[in-house]
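Participant:
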Amino acid sequence: MASLDIVDGDQKCDVSIISLGPGQPVLENVNRWRGQIKLPPAKESELEIKPIRCGGKDSSLVQLVGETETILAVMVPLPDATWFVKLQGPNALAQRELEKFIAFSESIELP
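Shown next as structure tokens:
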């Protein structure tokens, strides 16, 4: 749906917004993201998910910090689709952008 870049010097974070089918499993998505930043899979009991409002809907925020990269992801489960807002990039830049990413996610209007 959308792809954006956050650039600071030679560092860059990618921000994407996508929509997939309804009922996307949280653990499977989190573990896929963990693999993308070279973290081992987590068990459901190890997930650290924070509530957030995205597009006026109850959503979940996950913050995953690997050795060099961070993923911030918001999952918005709706009856007909699951929306994802995801930021991936170098740890320092991703951490600096955390509050802006949250504000951006909260400002999105979803169908």
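The numbering of the sequence shown is numbering that gives the first Met the number 0, which starts it at 0 and goes up by one. Using N, Cα and C, we set each Cβ at its ideal position, and we do this for glycine too. Just so we're clear, the structure is a prediction, and the values are computed from it rather than from any experiment.
1) Can you give me the Cβ contacts of Gly55 inside the same chain, cut-off strictly under 8 Å, excluding the 5 residues immediately before and after it?
2) Please determine, among Leu71, Leu46, Ile51, the residue with the shortest C-alpha to C-alpha distance to Gln35.
3) With a CB to CB cut of under 7 Å and the five nearest residues on each side skipped, what residues in its chain are close to Val64?
4) Would you be able to state if there are at least three C-beta pairs under 8 Å between the stretch 0-16 and the stretch 38-45?
5) Note down the Cα distance separating Lys99 from Val25, rounded to an integer number of angstroms.
6) Straight-line CA distance for Gly22 to Ile51?
7) Counting along the chain, where does the beta strand (DSSP E) carrying Ser106 start and finish?
8) Out of Ile48, Thr67, Thr69, which one is the CA nearest neighbour of Val61?
9) Quick check on Met0: buried or exposed, where buried means 16 or more other Cβ atoms within 10 Å of its Cβ?
10) Pull the bridge partners of Ala1 from the DSSP assignment, please.
Facilitator: Short version:
1) Taking the first residue of the sequence shown as position 1, residue 55 is located at position 56. Answer for Gly55: Glu108, Leu109, listed in chain order.
2) In the sequence shown, the residue the question calls residue 35 occupies position 36. With distances taken between Cα atoms, Gln35 lies closest to Leu71.
3) Here residue 64 corresponds to residue number 65 of the sequence shown, with the count starting at 1. Here the set comprises Asn90.
4) no
5) For the purposes of this step, residue 99 is taken as the residue at position 100 of the sequence shown. For the purposes of this step, residue 25 is taken as the residue at position 26 of the sequence shown. Cα to Cα, Lys99 sits roughly 23 Å from Val25.
6) Mapped onto the sequence shown, residue 22 falls at position 23. Mapped onto the sequence shown, residue 51 falls at position 52. The alpha-carbon atoms of Gly22 and Ile51 are separated by roughly 18 Å.
7) Along the sequence shown, one-based indexing puts residue 106 at 107. Ser106 -> not in any beta strand (DSSP E); alpha helix (DSSP H) instead, spanning 97-106.
8) For the purposes of this step, residue 61 is taken as residue 62 along the sequence shown, with counting starting at 1. Among Ile48, Thr67, Thr69, the Cα nearest to that of Val61 belongs to Ile48.
9) Residue numbering aside, residue 0 sits at position 1 when the sequence shown is read from its first letter. When all chains shown are included, Met0 counts as exposed.
10) Against the sequence shown, residue 1 aligns to sequence position 2. Answer by DSSP bridge pairing, in chain order: Ile16.
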